[in-house]
């Protein structure tokens, strides 16, 4: 994974619920683990924008329900500061499902996507409509 130009605040932790913003068939996701998180014993993993996470599908079409999937966080409610001084926050916490290579499973993304996600996962930028 590429590095980011800003350091987003880690606003989500293991157990948080997210909206699935693509058309893959999942609607609500729950974070199980954060890929690459190194922490102290008994400390919950934390994730922010453009982090690769492992999720459980809580609501969705019957085929997708109870599946364990990979996802990338594209929006978070917690405010983050960019290097140019701008502060950005979104209405909801949302993620997009990806495969093992980091390419999105769905063919379209609903709602805006943070610019930091496009820097790290360029394939998501190809199917997103709005980049903030």
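In this note's numbering, the protein residues as written are 5 to 136.
From the three backbone atoms N, C-alpha and C, an ideal C-beta is built for every residue, glycine too.
Flag this pair as yes or no: are the beta carbons of residue i and residue j separated by less than 8 Å?
i           : j           : result
residue 14  : residue 50  : yes
residue 10  : residue 34  : no
residue 29  : residue 68  : yes
residue 131 : residue 112 : yes
residue 54  : residue 8   : yes
Rounded to whole angstroms, what's the CA-CA distance from residue i to residue j? Just pull it up for me.
i           : j           : result
residue 41  : residue 122 : 21 Å
residue 65  : residue 16  : 25 Å
residue 90  : residue 98  : 21 Å
residue 82  : residue 125 : 21 Å
residue 80  : residue 52  : 7 Å
residue 21  : residue 32  : 7 Å
residue 133 : residue 57  : 23 Å
residue 24  : residue 108 : 12 Å
residue 104 : residue 120 : 20 Å
residue 106 : residue 77  : 12 Å
By alpha-carbon positions, which one of the options ends up nearest to residue i?
i           : options        : result
residue 135 : 24, 118, 126   : 118
residue 115 : 67, 8, 104, 26 : 26
residue 19  : 7, 6, 8, 62    : 62
residue 12  : 110, 106, 84   : 84
Using a Cβ distance threshold of 8 Å, determine whether the stretch 62–75 contacts the stretch 84–97, with at least three qualifying pairs required. no
What are the uninterrupted segments assigned as beta strand (DSSP E) that are 3 or more residues long and contained completely in the stretch 28–74, given in chain order? 30–38, 56–64
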